[in-house]
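Just below is one structure, and these are the notes that go with it.
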Amino acid sequence: MKKIPKPVVSAIFSNLAKAADKQDRPSESAILDKLSGEYWKPNPAAGGLNTFKVGLEKDLDELYPGVNKTAVDVVDSGAQRCVK
């Protein structure tokens with residue numbers, strides 16, 4: 543059995559908390575929100591916003607053209623809309 547990464551578990555609890563909130567279940571929402579926070583703790587060694595910006599620029603400059611070309615080559619209008 544594959545171990546689920548903590549950020550994924552956090553996102554699942556966060557989504558469940560939002561759903562509970564929409565269903566007007568504040569106590570369940572609060573519990574799920576707290577669980578979400580337990581699995582997702584910020585990592586100061588990760589680099590912060592600047593690291594995110596550098597990674598995003600790299601993705602846009604290096605990866606985006608390939609994704610766009612593939613969407614055009616396979617004539618997938620849905621994929622083409624996604625990359626625009």
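Mapping of the sequence shown onto the working numbering: residues 543 to 626, in sequence order.
Note that beta-carbon positions come from the ideal geometry of N, C-alpha and C, so glycine has one too.
Residue i burial status per 10 Å Cβ neighbour count (16 or more: buried)
| i | result |
| --- | --- |
| Leu574 | buried |
| Ala561 | exposed |
Candidates the options, of which the one nearest residue i by Cα
| i | options | result |
| --- | --- | --- |
| Val609 | Lys548, Asp566, Cys624 and Ala559 | Cys624 |
| Leu577 | Asn557, Lys564, Phe594 and Asp566 | Asn557 |
| Ala559 | Asp566, Lys626 and Ser571 | Ser571 |
| Tyr606 | Phe594, Leu591 and Gln622 | Gln622 |
Alpha-carbon spacing of residue i relative to residue j, whole angstroms
| i | j | result |
| --- | --- | --- |
| Val617 | Asp603 | 22 Å |
| Lys544 | Val596 | 31 Å |
| Thr593 | Arg567 | 37 Å |
| Val614 | Lys600 | 21 Å |
| Asp563 | Leu598 | 32 Å |
| Gln565 | Lys626 | 34 Å |
| Thr612 | Gly620 | 12 Å |
Can you confirm whether the region 550 to 560 touches the region 576 to 583 when touching is taken to mean that 3 or more C-beta pairs between the two stretches lie within less than 8 Å?
yes
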